[in-house]
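What follows is a set of notes on a single structure, which appears directly below.
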Amino acid sequence: MSDKATIKIPRNLYEKLKEVIEDTGFNSVTEFIVYVMRDLISTTELGDKEQNEVFNDQQLTRQEIYLIRKRLKSLGYLD
């Protein structure tokens, strides 16, 4: 069994995200979406034990967090 799942999003959203990630260091829309979802999850009120179970050893770096917040700000999602 694969450790990944497929999520469907509207094509126009995919195309916009593709434009957004140009020249950002993200290699694909999937990579960007995974990054955003991890960032969102990290802001929830998970305890340390639960957070470690979710992420294992795949914690985001400060640089990754900075890049996603910068992109979300440029998209108007953050002040």
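If you're matching positions, the sequence shown starts at 1 in our numbering and goes up one per residue. Note that the Cβ used here is the ideal one computed from N, Cα and C, for glycine as well. The structure displayed is predicted, hence computed values, not measured ones.
C-beta contact flag for residue i and residue j at 8 Å
i      : j      : result
Thr-24 : Leu-72 : no
Val-20 : Leu-75 : yes
CA-to-CA distance, residue j to residue i, given in whole angstroms
i      : j      : result
Asp-3  : Tyr-77 : 30 Å
Lys-8  : Lys-16 : 15 Å
Ile-33 : Leu-60 : 13 Å
Ile-65 : Asn-27 : 16 Å
Asn-12 : Glu-22 : 16 Å
C-beta neighbour in chain C for residue i, strict 8 Å
i      : result
Val-29 : Looking for chain C here will not work: only one protein chain is present.
For residue i, three-class secondary structure by DSSP
i      : result
Leu-67 : helix
Lys-16 : helix
Tyr-35 : helix
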